[in-house]
Every structure is written in C-alpha cells, then in structure tokens.
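Student:
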Amino acid sequence: MPKLRVTIHGQILSELKLQPGQEYFAGRGTQSHILLSNERGISRQHVKIFHDGQTWVAQLVSKYGGMVFEGHTVESLPLAGEVRFSIPPYEFQYTENSDTVAQAV
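All letters in the sequence shown, in the order written, are residues 3 to 107 by the working numbering.
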C-alpha cells in the first residue's frame with residue numbers, strides 16, 4: 003500500500019497510507035490531512051496528493067511557495083516507486099510499499 007511520510011528537521015511529522023479515491027491536502031489549514039505549521043510560504047492548502055486513475059500525483063495548489071524535486075521547482079509530480087520532494091522546510095517521501103518506508107529509517 004502506498005505511503006507518504008512527512009518530516010521536518012529530521013523528525014517525523016506525519017505518515018499516511020494512501021487510499022485510491024481519496025484526495026489528501028498538505029498545508030496550514032485545519033482541514034488539511036497533513037497539517038503543516040505556519041512557516042513562511044506555506045498556504046492553507048499548499049499541495050494536493052491524489053490518484054489520477056493510473057498513478058499518484060503531488061500537485062501544487064498554492065499560488066505562493068513551491069514544491070522542489072531534485073533541485074527544481076515543480077508544479078506537478080508523478081509519484082511512483084520511491085520519490086522524495088520538499089516544500090521547504092518539510093520533506094516528503096512517497097513509497098509504493100509501506101514496508102520500504104519503515105526499513106528506510
């Protein structure tokens with residue numbers, strides 16, 4: 003089962019097992035599935051994680067701030083295998099097999 007782990011400064015903030023048909027939001031808004039603190043540049047709904055029928059996708063929904071993958075700012079990122087991206091200062095790790103996340107720590 004796919005899993006998303008969010009860390010800040012090396013500390014685990016959140017872990018979610020992703021369910022197809024669900025949308026997940028990360029941001030500072032109280033309705034977000036992944037609650038991020040009011041850091042500079044973090045919107046109430048900053049990024050959306052969803053399954054598009056074929057793969058999981060991380061999509062920037064904020065007008066400000068960004069999502070960084072391999073040193074580049076991206077607006078959308080397909081998630082497959084193991085993918086790491088950030089919304090500074092937060093780090094996101096997606097893995098398709100949740101057992102892999104547990105072993106990676």
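Cβ coordinates follow ideal geometry from the N, Cα and C atoms, glycine included. Since this is a predicted model, take the numbers as computed values, not measurements.
#1: Using a Cβ distance threshold of 8 Å, determine whether the region 34-43 contacts the region 75-88, with at least three qualifying pairs required.
#2: Can you say whether proline 4 is buried or exposed, counting buried as having 16 or more other CB atoms within 10 angstroms of its CB?
#3: Would you decide whether alanine 82 is buried or exposed? Buried here means 16 or more other CB atoms lie within 10 Å of its CB.
#4: Name the residue from Thr57, His53 and Val49 whose alpha carbon lies nearest to the alpha carbon of serine 64.
#5: Using 8 Å as the cut-off, can you tell me whether the region 22-29 makes contact with the region 69-82, which would need three or more C-beta pairs spanning the two stretches below that distance?
#6: For serine 16, which residues in the same chain have their Cβ closer than 6 Å to its Cβ, ignoring the five residues on either side in sequence?
#7: Give me the DSSP bridge partner(s) of lysine 50.
#8: Hey, quick one: how far does the beta strand (DSSP E) through proline 80 stretch, first residue to last?
Tutor: In short, the structure shows the following:
#1: no
#2: For this step, residue 4 is matched to residue 2 along the sequence shown. Buried, because 16 or more other Cβ atoms sit within 10 Å of the Cβ of proline 4.
#3: Indexing the sequence shown from 1 puts residue 82 at position 80. Counting Cβ neighbours within 10 Å, alanine 82 comes out exposed, since fewer than 16 surround it.
#4: Residue mapping note: residue 64 aligns to position 62 of the sequence shown, counting from 1. Among Thr57, His53 and Val49, the Cα nearest to that of serine 64 belongs to Val49.
#5: no
#6: Walking along the sequence shown from the start, residue 16 turns up at place 14. Cβ neighbours of serine 16 beyond the five flanking positions: Val8 and Ile36.
#7: For the purposes of this step, residue 50 is taken as the residue at position 48 of the sequence shown. Phe27 and Gln61.
#8: The sequence position of residue 80 within the sequence shown is 78, counting from 1. 78-81 is the span of the beta strand (DSSP E), which, as asked, contains proline 80.
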